[in-house]
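Residue numbers (the working numbering): 62 to 334.
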(Lines of atoms letter the chains of each structure in order from A and count residues from 1; the text may use other names and numbers.)
(Lines give C-alpha, C1' and ligand atoms only; values in the text may rest on other atoms or scores of the structure.)
Protein backbone atom coordinates (compact mmCIF):
# COMPACT_ATOMS: atom_id res chain seq x y z
CA UNK A 1 0.00 0.00 0.00
CA UNK A 2 1.31 3.45 -0.89
CA UNK A 3 2.64 5.49 2.05
CA UNK A 4 0.29 8.39 1.44
CA UNK A 5 -2.71 6.03 1.43
CA UNK A 6 -1.64 4.72 4.82
CA UNK A 7 -0.99 8.22 6.15
CA UNK A 8 -4.46 9.33 5.10
CA UNK A 9 -6.01 6.32 6.84
CA UNK A 10 -4.29 7.19 10.14
CA UNK A 11 -4.91 10.92 9.80
CA UNK A 12 -8.59 10.45 9.14
CA UNK A 13 -9.02 8.04 12.04
CA UNK A 14 -7.03 10.36 14.30
CA UNK A 15 -9.40 13.17 13.62
CA UNK A 16 -12.28 10.84 14.11
CA UNK A 17 -14.28 10.43 10.86
CA UNK A 18 -13.75 7.44 8.57
CA UNK A 19 -15.39 4.80 6.36
CA UNK A 20 -16.54 6.14 2.99
CA UNK A 21 -19.31 4.12 1.28
CA UNK A 22 -22.63 5.01 -0.27
CA UNK A 23 -24.61 6.68 2.47
CA UNK A 24 -27.59 8.35 0.77
CA UNK A 25 -29.47 8.17 -2.53
CA UNK A 26 -27.20 9.32 -5.35
CA UNK A 27 -29.92 11.53 -6.80
CA UNK A 28 -30.86 14.74 -5.01
CA UNK A 29 -28.55 14.00 -2.10
CA UNK A 30 -28.31 17.75 -1.38
CA UNK A 31 -31.89 17.72 -0.10
CA UNK A 32 -30.99 15.07 2.51
CA UNK A 33 -28.35 17.22 4.26
CA UNK A 34 -29.34 18.19 7.80
CA UNK A 35 -29.52 21.89 8.75
CA UNK A 36 -26.33 22.86 10.58
CA UNK A 37 -28.09 23.97 13.76
CA UNK A 38 -26.23 23.24 17.02
CA UNK A 39 -28.45 21.82 19.74
CA UNK A 40 -28.79 22.81 23.37
CA UNK A 41 -26.11 20.82 25.16
CA UNK A 42 -23.31 21.65 27.65
CA UNK A 43 -20.22 23.06 25.96
CA UNK A 44 -17.29 20.67 25.85
CA UNK A 45 -14.78 21.58 28.54
CA UNK A 46 -11.11 22.23 27.71
CA UNK A 47 -9.28 18.92 27.79
CA UNK A 48 -6.25 16.88 26.94
CA UNK A 49 -6.77 13.30 25.76
CA UNK A 50 -4.51 10.55 24.51
CA UNK A 51 -5.51 7.86 22.02
CA UNK A 52 -3.93 4.70 20.68
CA UNK A 53 -4.43 3.61 17.08
CA UNK A 54 -3.87 0.31 15.38
CA UNK A 55 -4.86 -2.39 12.93
CA UNK A 56 -6.57 -5.67 13.85
CA UNK A 57 -5.89 -5.25 17.56
CA UNK A 58 -2.19 -4.30 17.28
CA UNK A 59 -1.23 -0.81 18.46
CA UNK A 60 0.65 1.06 15.75
CA UNK A 61 0.38 4.73 16.71
CA UNK A 62 -0.54 7.29 19.36
CA UNK A 63 -2.04 10.77 19.37
CA UNK A 64 -2.21 13.61 21.90
CA UNK A 65 -5.34 15.75 21.46
CA UNK A 66 -5.94 19.10 23.17
CA UNK A 67 -9.03 21.27 23.03
CA UNK A 68 -9.09 24.89 24.23
CA UNK A 69 -11.44 27.84 23.97
CA UNK A 70 -9.74 31.14 23.19
CA UNK A 71 -10.61 34.57 24.54
CA UNK A 72 -11.80 35.42 21.03
CA UNK A 73 -14.56 32.81 21.13
CA UNK A 74 -12.91 30.06 19.12
CA UNK A 75 -12.35 26.39 19.75
CA UNK A 76 -8.82 25.25 18.94
CA UNK A 77 -8.22 21.53 18.60
CA UNK A 78 -4.60 20.51 18.31
CA UNK A 79 -3.59 16.90 17.67
CA UNK A 80 -0.10 15.44 17.38
CA UNK A 81 0.53 11.82 16.57
CA UNK A 82 2.59 9.25 14.78
CA UNK A 83 3.55 5.64 14.41
CA UNK A 84 5.38 3.78 17.18
CA UNK A 85 7.29 0.54 17.71
CA UNK A 86 7.55 -1.95 14.86
CA UNK A 87 5.08 0.06 12.80
CA UNK A 88 7.47 3.01 12.85
CA UNK A 89 10.36 0.94 11.50
CA UNK A 90 8.15 -0.04 8.57
CA UNK A 91 6.43 3.30 8.10
CA UNK A 92 7.85 6.47 9.66
CA UNK A 93 4.93 8.86 9.93
CA UNK A 94 4.08 11.92 12.07
CA UNK A 95 1.15 14.32 11.83
CA UNK A 96 0.29 17.68 13.39
CA UNK A 97 -3.28 18.93 13.09
CA UNK A 98 -4.81 22.25 14.15
CA UNK A 99 -8.53 22.86 13.67
CA UNK A 100 -10.18 26.18 14.52
CA UNK A 101 -13.96 26.56 14.84
CA UNK A 102 -16.35 29.28 15.96
CA UNK A 103 -17.35 28.40 19.54
CA UNK A 104 -20.86 29.84 19.17
CA UNK A 105 -21.92 28.52 15.76
CA UNK A 106 -19.50 25.53 15.72
CA UNK A 107 -18.75 26.32 12.08
CA UNK A 108 -15.18 25.69 10.92
CA UNK A 109 -12.78 28.53 10.24
CA UNK A 110 -9.48 26.90 9.32
CA UNK A 111 -7.63 23.60 9.42
CA UNK A 112 -3.87 23.15 9.07
CA UNK A 113 -2.28 19.71 8.87
CA UNK A 114 1.38 18.79 8.46
CA UNK A 115 2.28 15.18 7.61
CA UNK A 116 5.91 14.10 7.81
CA UNK A 117 6.97 10.89 6.11
CA UNK A 118 10.41 9.44 5.50
CA UNK A 119 10.98 11.17 2.17
CA UNK A 120 8.50 14.02 2.06
CA UNK A 121 6.45 16.53 4.02
CA UNK A 122 2.87 17.41 3.11
CA UNK A 123 1.19 20.58 4.41
CA UNK A 124 -2.54 21.05 3.86
CA UNK A 125 -4.35 24.27 4.75
CA UNK A 126 -8.15 24.36 4.48
CA UNK A 127 -10.09 27.64 4.77
CA UNK A 128 -13.86 27.77 5.26
CA UNK A 129 -16.53 30.38 4.52
CA UNK A 130 -20.31 29.91 4.93
CA UNK A 131 -20.63 28.77 1.29
CA UNK A 132 -17.19 27.56 0.18
CA UNK A 133 -14.07 25.70 1.20
CA UNK A 134 -10.58 26.17 -0.29
CA UNK A 135 -7.78 23.66 0.20
CA UNK A 136 -4.10 24.30 -0.55
CA UNK A 137 -1.79 21.27 -0.43
CA UNK A 138 1.99 21.68 -0.61
CA UNK A 139 4.21 18.62 -0.97
CA UNK A 140 7.92 19.07 -0.30
CA UNK A 141 10.36 16.37 -1.38
CA UNK A 142 14.04 17.25 -0.95
CA UNK A 143 14.38 20.77 -2.40
CA UNK A 144 11.33 20.53 -4.66
CA UNK A 145 7.86 21.74 -3.62
CA UNK A 146 4.66 21.18 -5.57
CA UNK A 147 1.36 22.87 -4.75
CA UNK A 148 -2.26 22.21 -5.64
CA UNK A 149 -5.35 24.27 -4.81
CA UNK A 150 -8.85 22.80 -4.69
CA UNK A 151 -12.24 24.31 -3.95
CA UNK A 152 -15.78 23.16 -3.26
CA UNK A 153 -18.98 25.17 -2.92
CA UNK A 154 -21.80 24.11 -0.60
CA UNK A 155 -23.54 25.79 2.35
CA UNK A 156 -22.28 25.00 5.85
CA UNK A 157 -19.45 22.63 4.95
CA UNK A 158 -17.93 21.14 8.11
CA UNK A 159 -14.40 20.17 9.02
CA UNK A 160 -13.88 16.92 10.90
CA UNK A 161 -13.48 18.88 14.13
CA UNK A 162 -16.55 21.05 13.69
CA UNK A 163 -18.65 18.06 12.62
CA UNK A 164 -17.78 16.30 15.87
CA UNK A 165 -18.48 19.41 17.96
CA UNK A 166 -21.83 19.80 16.20
CA UNK A 167 -22.78 16.13 16.51
CA UNK A 168 -22.29 16.00 20.28
CA UNK A 169 -24.84 18.84 20.74
CA UNK A 170 -27.62 16.84 19.08
CA UNK A 171 -30.17 14.75 21.05
CA UNK A 172 -28.74 11.50 19.59
CA UNK A 173 -31.88 9.51 20.27
CA UNK A 174 -31.90 5.90 19.10
CA UNK A 175 -32.43 5.72 15.34
CA UNK A 176 -31.72 9.42 14.75
CA UNK A 177 -29.90 10.28 11.51
CA UNK A 178 -27.70 13.28 10.71
CA UNK A 179 -26.25 14.02 7.27
CA UNK A 180 -23.36 16.46 7.06
CA UNK A 181 -21.06 17.57 4.23
CA UNK A 182 -17.49 17.36 5.52
CA UNK A 183 -14.20 18.41 3.94
CA UNK A 184 -11.30 16.80 5.84
CA UNK A 185 -8.41 17.92 3.64
CA UNK A 186 -8.71 17.69 -0.15
CA UNK A 187 -12.07 16.05 -0.88
CA UNK A 188 -15.71 16.59 0.09
CA UNK A 189 -17.77 13.77 1.58
CA UNK A 190 -21.40 13.31 2.50
CA UNK A 191 -21.40 11.88 6.00
CA UNK A 192 -24.34 9.90 7.35
CA UNK A 193 -24.38 9.34 11.10
CA UNK A 194 -27.00 6.95 12.49
CA UNK A 195 -27.54 6.40 16.22
CA UNK A 196 -27.52 2.61 16.64
CA UNK A 197 -28.42 2.62 20.34
CA UNK A 198 -27.06 2.57 23.87
CA UNK A 199 -24.16 0.34 24.90
CA UNK A 200 -21.72 -0.36 27.71
CA UNK A 201 -18.01 -0.21 26.89
CA UNK A 202 -14.73 -0.52 28.77
CA UNK A 203 -11.59 1.35 27.70
CA UNK A 204 -8.37 2.11 29.64
CA UNK A 205 -9.99 5.15 31.30
CA UNK A 206 -12.88 3.10 32.72
CA UNK A 207 -16.27 1.60 31.96
CA UNK A 208 -18.87 3.90 30.43
CA UNK A 209 -22.49 4.06 29.42
CA UNK A 210 -22.10 4.87 25.74
CA UNK A 211 -23.95 5.98 22.64
CA UNK A 212 -23.06 3.83 19.64
CA UNK A 213 -23.29 5.47 16.23
CA UNK A 214 -22.70 4.16 12.72
CA UNK A 215 -20.73 6.37 10.33
CA UNK A 216 -20.77 6.20 6.54
CA UNK A 217 -19.22 8.63 4.05
CA UNK A 218 -19.74 9.00 0.32
CA UNK A 219 -17.20 10.89 -1.75
CA UNK A 220 -18.67 13.85 -3.65
CA UNK A 221 -17.27 13.96 -7.18
CA UNK A 222 -16.47 16.93 -9.40
CA UNK A 223 -19.97 16.79 -10.89
CA UNK A 224 -21.48 16.50 -7.39
CA UNK A 225 -22.21 12.82 -7.89
CA UNK A 226 -21.72 10.40 -5.00
CA UNK A 227 -18.86 7.95 -5.46
CA UNK A 228 -18.11 4.76 -3.61
CA UNK A 229 -14.68 4.46 -1.97
CA UNK A 230 -12.98 1.19 -2.89
CA UNK A 231 -10.91 0.88 0.30
CA UNK A 232 -13.19 2.00 3.14
CA UNK A 233 -16.27 0.19 4.38
CA UNK A 234 -17.91 1.73 7.47
CA UNK A 235 -17.17 2.72 11.08
CA UNK A 236 -18.69 2.37 14.53
CA UNK A 237 -18.10 5.10 17.13
CA UNK A 238 -18.79 4.96 20.85
CA UNK A 239 -19.44 8.29 22.62
CA UNK A 240 -19.68 8.58 26.39
CA UNK A 241 -23.34 9.02 27.37
CA UNK A 242 -22.69 11.94 29.72
CA UNK A 243 -22.30 15.74 29.48
CA UNK A 244 -18.86 15.36 27.82
CA UNK A 245 -19.75 12.92 25.03
CA UNK A 246 -16.13 11.97 24.55
CA UNK A 247 -15.05 9.63 21.80
CA UNK A 248 -14.23 6.39 23.61
CA UNK A 249 -13.51 4.09 20.69
CA UNK A 250 -13.68 3.98 16.90
CA UNK A 251 -13.66 0.81 14.81
CA UNK A 252 -13.32 1.42 11.08
CA UNK A 253 -13.74 -1.52 8.72
CA UNK A 254 -11.51 -1.00 5.70
CA UNK A 255 -9.90 -3.09 2.99
CA UNK A 256 -6.95 -4.19 5.17
CA UNK A 257 -9.05 -5.13 8.21
CA UNK A 258 -10.23 -3.19 11.24
CA UNK A 259 -8.56 0.08 12.21
CA UNK A 260 -9.23 1.24 15.76
CA UNK A 261 -8.76 4.32 17.92
CA UNK A 262 -9.23 4.07 21.69
CA UNK A 263 -9.12 6.59 24.53
CA UNK A 264 -6.16 6.02 26.87
CA UNK A 265 -6.38 9.02 29.22
CA UNK A 266 -8.21 12.31 29.61
CA UNK A 267 -7.63 15.39 31.76
CA UNK A 268 -9.92 18.39 32.02
CA UNK A 269 -8.38 21.82 32.56
CA UNK A 270 -7.33 24.82 30.55
CA UNK A 271 -6.66 22.58 27.55
CA UNK A 272 -4.18 25.07 26.11
CA UNK A 273 -2.43 23.54 23.08
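Glycine residues also receive a C-beta, built at the ideal position from the N, C-alpha and C atoms.
Using alpha carbons as the reference points, say which of the options lies closest to residue i.
i	options	result
residue 304	90, 102, 286	102
residue 181	237, 319, 156, 192	156
residue 196	119, 170, 270	170
residue 104	299, 136, 213, 311	136
residue 310	286, 112, 121	112
residue 154	177, 313, 286	177
residue 120	328, 215, 288, 324	324
residue 141	283, 122, 248, 249	122
residue 131	214, 139, 125	139
residue 313	307, 322, 306	322
residue 201	115, 213, 179	179
residue 168	329, 265, 328, 241	241
residue 183	191, 158, 193, 190	158
residue 270	289, 307, 172	307
residue 284	302, 214, 315	214
residue 261	224, 302, 249, 223	302
Assuming the contact rule is C-beta atoms closer than 8 Å, residue i and residue j should be a hit. Round their C-beta distance to whole Å, please.
i	j	result
residue 117	residue 263	Actually they do not touch by this definition, with Cβ atoms about 19 Å apart.
residue 254	residue 228	6 Å
residue 90	residue 251	6 Å
residue 128	residue 99	Their Cβ separation, rounded to whole angstroms, is 16 Å, which puts residue 128 and residue 99 out of contact at 8 Å.
residue 198	residue 247	6 Å
residue 328	residue 109	5 Å
residue 288	residue 282	5 Å
Determine the burial state of residue i: buried for a count of at least 16 other Cβ atoms within 10 Å of its Cβ, exposed for fewer.
i	result
residue 17	Past the boundaries of the shown model lies residue 17; the chain is included only from 62 to 334, so the question cannot be answered.
residue 134	exposed
residue 232	exposed
residue 217	buried
residue 243	buried
residue 174	buried
residue 326	exposed
residue 300	buried
residue 317	exposed
residue 165	exposed
residue 259	exposed
residue 185	buried
* **Stretch pair the region 201 to 209 + the region 277 to 285: three plus CB contacts closer than 8 Å** => no
* Would the region 284 to 304 and the region 92 to 100 be scored as touching if the rule is three or more Cβ pairs under 8 Å? -> no
* Asked: For the 8 Å Cβ check, are there 3 or more pairs between the region 135 to 153 and the region 231 to 239?
  -> no
* Fully enclosed by the region 189 to 220, which beta strand (DSSP E) runs are 3 residues long or longer? -> 193 to 202, 205 to 214
* **4-residue-minimum alpha helix (DSSP H) runs that sit fully inside the region 98 to 130, ordered along the chain** => none
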